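Visitor: Line by line, the protein sequences give chains A and B. All residue numbers for the first sequence refer to the working numbering, where the first residue is 180 and numbers rise by one. All residue numbers for the second sequence refer to the working numbering, where the first residue is 180 and numbers rise by one. Got a structure here, written out as structure tokens. Questions coming.
Protein chains: 2
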Amino acid sequence: MKRTTIKDLAQYLSLSTSTISRALLNDKNIHSDTKNRVLEAAQKLGYKPNVTALNLKYGKTKSIGFVVPEMTTPFSSKVLQGVHNILYPLGYKVIILQSDEDPVRERENLLLLESFNVDGIIINLCHETHNQSIYEEIIHRGTPLVFFDRIPQNTLDVSKVLVDDHIKASLMIEHLISCGRTKIVHLMGPSTVRNAIERAGGYQRILTKHNLYDSQLMIKTNGVGFEAGRIAAKQLIDNNVKFDSIFAFTDTLAIGAMNYLQEQGIKVPEEIAIASFSGTEFSVNVFPQLTSVEQPLTQMGESAATLLIEKIKDNTSASQTIILDAKLVYRASTLGKEV
Amino acid sequence: MKRTTIKDLAQYLSLSTSTISRALLNDKNIHSDTKNRVLEAAQKLGYKPNVTALNLKYGKTKSIGFVVPEMTTPFSSKVLQGVHNILYPLGYKVIILQSDEDPVRERENLLLLESFNVDGIIINLCHETHNQSIYEEIIHRGTPLVFFDRIPQNTLDVSKVLVDDHIKASLMIEHLISCGRTKIVHLMGPSTVRNAIERAGGYQRILTKHNLYDSQLMIKTNGVGFEAGRIAAKQLIDNNVKFDSIFAFTDTLAIGAMNYLQEQGIKVPEEIAIASFSGTEFSVNVFPQLTSVEQPLTQMGESAATLLIEKIKDNTSASQTIILDAKLVYRASTLGKEV
DNA sequence: CAATATATTGGGAACGTTCCCATAATGGTT
DNA sequence: AACCATTATGGGAACGTTCCCAATATATTG
């Protein structure tokens with residue numbers, strides 16, 4: 180049961196550990212016969228290097244943390260996929276922690292990762308300002324931090340990857356207007372994160388431009404999941420608010436609202452059109468399919484991982500911001516049957 | 180930037196590393212004054228134990244692997260939540276790998292985890308027989324393996340946690356029949372996994388009992404995701420098969436099929452009733468809400484983690500099988516509006 | 001043939017910790 | 001006063017590697 184070590188090989192072959200090490204590392208200062216003998220014995224005894232020992236030696240853990248508000252919708256999963264694409268080939272382990280949209284848990288998660296000695300952290304924050312000081316401390320203590328999607332205030336010098344929320348939200352509102360909608364509700368994301376503000380800003384700007392803005396239609400939801408969308412829709416109906424379309428911060432919000440409306444016998448999109456930000460397979464796996472801003476989530480993860488690797492290699496390297504392009508895709512939830 | 184070590188503390192306080200270690204570990208053989216001085220200095224210099232060194236010392240990595248067919252639906256996420264609940268408080272890290280329903284990738288993932296030196300592995304397999312020999316090898320080399328949901332053949336002596344698939348599938352078919360359905364389609368899971376066989380067995384048994392079984396209605400899908408469900412539904416329609424209800428292996432299959440049917444203008448449940456296995460929030464976040472076998476997924480993760488910890492503590496401990504109870508919940512997709 | 005270059009190997013420190021063993025100092029007992 | 005038990009501390013090996021620095025053996029050069 181005990182693992183074979185270099186020492187075992189050394190004893191088995193009557194060689195020193197140095198020589199074994201050289202053979203295994205393809206060092207040039209070794210006789211090819213010896214090398215072959217060693218490799219053969221390693222094979223035979225099932226030698227596998229002890230990564231823990233190497234980690235100690237090199238002062239790295241070859242692991243990184245991935246902190247997200249939630250892991251139960253495909254959003255984070257798709258980003259994670261991208262992170263894996265980059266990091267697994269490099270031998271990194273990824274440790275995932277969920278904050279449940281709670282800054283206190285986020286803080287605990289970060290500290291836990293620090294205690295795990297991770298080489299770096301990729302994070303989608305859940306509250307822009309609350310943990311600002313922790314981010315700074317962690318970076319100061321030497322663990323690089325890379326943000327994606329929801330990014331912190333500009334005062335923090337970190338690498339980050341995001342999409343142009345303001346523009347894409349604006350374009351989506353233009354689309355709804357071009358579909359003849361005039362009473363557009365916005366189910367807003369948490370006002371403590373920057374891209375919620377950005378998207379709401381785009382919404383407000385375009386509606387104001389068209390002289391259609393009505394502050395009553397800007398809804399602060401209580402979360403970003405299905406349930407929050409459902410509740411928001413219910414309140415709109417219960418309060419007898421007149422509206423003909425919804426633009427939601429996330430696909431989950433949109434779907435929650437859409438399901439509630441349909442349960443009330445309201446036709447989508449005939450009576451209410453629905454659009455949102457997405458990038459997950461949710462947008463095409465609901466009825467009707469959802470018009471959405473398709474964010475390149477996997478690519479987002481790949482970019483974040485690449486930026487993190489740069490920082491891990493050289494902690495003093497300049498921070499970068501990558502802005503990815505997102506595509507608007509028009510589907511049945513705004514266009515109706517003709518699609 | 181360099182981390183404070185015990186040696187630094189020793190030098191700072193003119194004490195030996197042994198004494199520092201004792202102070203930090205609350206050893207009884209130490210003067211309380213000394214202990215306080217050490218703790219104070221540790222605080223001041225920001226000492227944090229180096230887990231890598233400890234791992235090397237104790238021959239453990241305090242990390243476990245979590246291998247699942249996919250991570251983009253909430254199924255695995257919910258199980259993972261349970262795993263986290265048990266393992267994080269114990270200081271374990273969880274490393275997640277996705278097999279994409281591909282036994283070859285599953286194999287690679289397992290070997291990768293072994294090279295990471297994980298203390299144990301929790302796995303939901305994607306092909307019952309293909310990797311059998313690898314499971315055996317890994318266990319033989321000393322890494323405990325715990326299975327959940329999809330479990331391997333009985334010849335393998337491992338701990339596992341599952342639900343009673345046959346019974347619950349049977350009950351669900353009884354429900355559909357009691358709703359007046361007689362032409363019940365089964366969207367079957369991959370025939371290479373045992374619980375797909377079990378659920379199909381329950382389906383077949385009850386229908387045969389009621390003299391309603393029609394082999395034409397047993398559909399082998401090409402996967403378990405939304406898309407596979409959609410394709411299966413399309414084929415049924417295209418082939419002009421007559422049916423009045425669907426019982427699906429997973430909620431994703433059911434939802435994919437349901438969406439396609441609705442896009443074709445078919446009413447659910449009036450024309451086609453739909454039911455499936457679930458346990459995720461999908462069942463209540465679609466329109467109409469889905470009648471389903473609600474598997475206790477978080478609990479499944481907790482049980483699997485608990486079993487794994489037992490094996491990690493004592494690799495010779497007896498393997499256990501935990502069968503969890505799943506509840507049938509009847510919703511609009513079979514009952515209709517009256518709910 | 002001596003001198004030097006080259007090839008191959010071994011010894012042992014280092015990474016940060018724990019823990020066994022020795023040592024020193026103190027206090028109490030006869 | 002001599003002894004032993006107790007308390008507090010230090011020294012150093014060990015976990016599995018790598019890699020620097022010898023040490024040896026062989027080959028090459030003038």
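Just so it is clear, CB atoms sit at the ideal spot from N, CA and C, and this is done for glycine as well. Predicted, not measured: the structure shown is a model, and the values here were computed from it.
(1) In terms of alpha-carbon separation, which member of A:His309, A:Leu290, A:Asp328 and A:Ile209 lies closest to A:Glu481?
(2) Count the other CB atoms, across all protein chains shown, that sit within 10 Å of the CB of B:Glu283; report buried if there are 16 or more and exposed otherwise.
(3) Excluding the 5 residues preceding and the 5 following B:Leu386 in the sequence, name in chain order all residues of the same chain whose CB lies nearer than 7 Å to its CB.
(4) So is B:Pro268 buried or exposed if we call it buried at 16+ other beta carbons inside 10 Å?
(5) What are the partner residues of A:Phe422, as DSSP defines its beta bridges?
(6) So which residues of chain B does A:Pro448 contact, with C-beta pairs closer than 8 Å?
(7) Does any residue of chain A have a CB that is nearer than 8 Å to the CB of B:Val403?
(8) Quick one: Cα of B:Leu304 to Cα of A:Phe428, how far?
(9) Hey, A:Val465 and B:Asn438: beta-carbon distance below 8 Å or not?
(10) Kindly indicate which three-state DSSP category A:Glu460 falls into: helix, strand or coil?
(11) Can you check which of these residues, B:Glu285, B:Gly321, B:Glu293 and B:Leu292, is closest to B:Asp311 by C-alpha distance?
(12) Just tell me which of B:Val472, B:Gly444, B:Ile501 and B:Glu473 has its CA closest to the CA of B:Ala484.
(13) Could you check how far apart the C-beta atoms of A:Met250 and A:Ile275 are, in whole angstroms? I think they sit under 8 Å.
(14) With C-beta atoms as the reference, is A:Ser455 less than 8 Å away from A:Leu487?
(15) Counting only Cβ pairs nearer than 8 Å, list the residues of chain B close to A:Leu194.
(16) According to the neighbour-count rule (16 or more other Cβ atoms, all chains shown, within 10 Å of its Cβ), is A:Asn419 buried or exposed?
(17) Go ahead and label B:Ala497 buried or exposed: buried means 16 or more other beta carbons lie within 10 angstroms of its beta carbon, across all protein chains shown.
(18) Could you tell me which of B:Ala348, B:Glu316, B:Ser349 and B:Val342 sits nearest to B:Asp336, measuring between CA atoms?
(19) Apply the 10 Å Cβ neighbour rule to B:Val518 and answer buried if 16 or more other Cβ atoms are within range, or exposed otherwise.
(20) Which class does A:Phe254 belong to by DSSP, given the choice of helix, strand or coil?
(21) Just grab the DSSP bridge partners of B:Gly244 for me.
(22) Expressed to the nearest angstrom, what Euclidean distance is found between the alpha-carbon atoms of A:Asn234 and A:Ile185?
(23) Along chain A, in chain order, which residues have C-beta atoms closer than 9 Å to that of B:Leu294?
(24) Please list the residues of the region 288-322 of chain A that have a C-beta atom closer than 8 Å to any C-beta atom in chain B, keeping them in chain order.
(25) Can you find a C-beta in chain A that's less than 8 Å from the C-beta of B:Glu377?
(26) Does the distance from the CB of A:Ser338 to the CB of A:Val297 come in under 8 Å?
(27) How would you label A:Arg320, buried or exposed, when you count the other beta carbons within 10 angstroms and need 16 or more for buried?
(28) Name, in chain order, the residues that DSSP records as bridge partners for B:Met367.
(29) Let me check one thing: in DSSP terms, what residues is B:Cys411 bridge-paired to?
(30) Alpha carbon to alpha carbon, what distance is there between A:Gly225 and A:Gln332?
(31) Could you check what DSSP says for B:Gly381 in three-state terms: helix, strand or coil?
(32) Relative to the C-alpha of B:Ala511, which candidate in B:Ser471, B:Ile491 and B:Leu476 has its C-alpha closest?
(33) So, helix, strand or coil for A:Glu442, using DSSP?
(34) So which residues of chain A does B:Pro253 contact, with C-beta pairs closer than 8 Å?
(35) Any idea if A:Lys516 is buried or exposed, counting beta-carbon neighbours within 10 angstroms, 16 or more meaning buried?
(36) Just how far apart, CA to CA, sit A:Leu292 and B:Val508?
Guide: Quick look at the numbers:
(1) A:Asp328
(2) Reading off the sequence shown, one finds Val at residue 283 of chain B, where the question assumed Glu. B:Val283 comes out exposed.
(3) Ile352, Ile363 and Tyr392
(4) exposed
(5) A:Phe422 is not bridged to any residue.
(6) Those within 8 Å of A:Pro448 in chain B number zero; the least Cβ separation is about 13 Å.
(7) no
(8) 36 Å
(9) yes
(10) helix
(11) Note that residue 311 of chain B is Gln in the sequence shown, not Asp. Ranking the options by Cα distance to B:Gln311, first place goes to B:Glu285.
(12) Per the C-alpha coordinates, the member of B:Val472, B:Gly444, B:Ile501 and B:Glu473 positioned closest to B:Ala484 is B:Ile501.
(13) 6 Å
(14) no
(15) Residues of chain B passing the Cβ test: none, with the nearest at roughly 23 Å.
(16) exposed
(17) exposed
(18) Out of B:Ala348, B:Glu316, B:Ser349 and B:Val342, B:Glu316 has the C-alpha closest to the C-alpha of B:Asp336.
(19) Low local confidence applies: a pLDDT of 45 at B:Val518 is under 50, so the model's placement there is unreliable, and no value is given.
(20) Per DSSP, reduced to three states, the secondary structure at A:Phe254 is helical.
(21) Note: B:Gly244 is bridge-paired with B:Ile274 and B:Ile300 in the DSSP secondary-structure output.
(22) 16 Å
(23) The residue asked about is misnamed: residue 294 of chain B is Ser in this sequence, not Leu. Going along chain A in sequence order, the residues near B:Ser294 (Cβ under 9 Å) are Lys227, Pro228, Val230 and Gly270.
(24) Leu291, Glu293, Ser294, Phe295, Asn296, Arg320 and Gly321
(25) no
(26) With contacts defined by Cβ atoms closer than 8 Å, A:Ser338 and A:Val297 do not form a contacting pair.
(27) exposed
(28) B:Lys399
(29) The sequence given here has Ala at residue 411 of chain B, not Cys. In the DSSP assignment, no residue is bridged to B:Ala411.
(30) 51 Å
(31) The DSSP-derived three-state label of B:Gly381 is helix.
(32) B:Ser471
(33) helix
(34) The contacting residues are Thr251 and Thr252.
(35) exposed
(36) When rounded, the distance between both Cα atoms is 39 Å.
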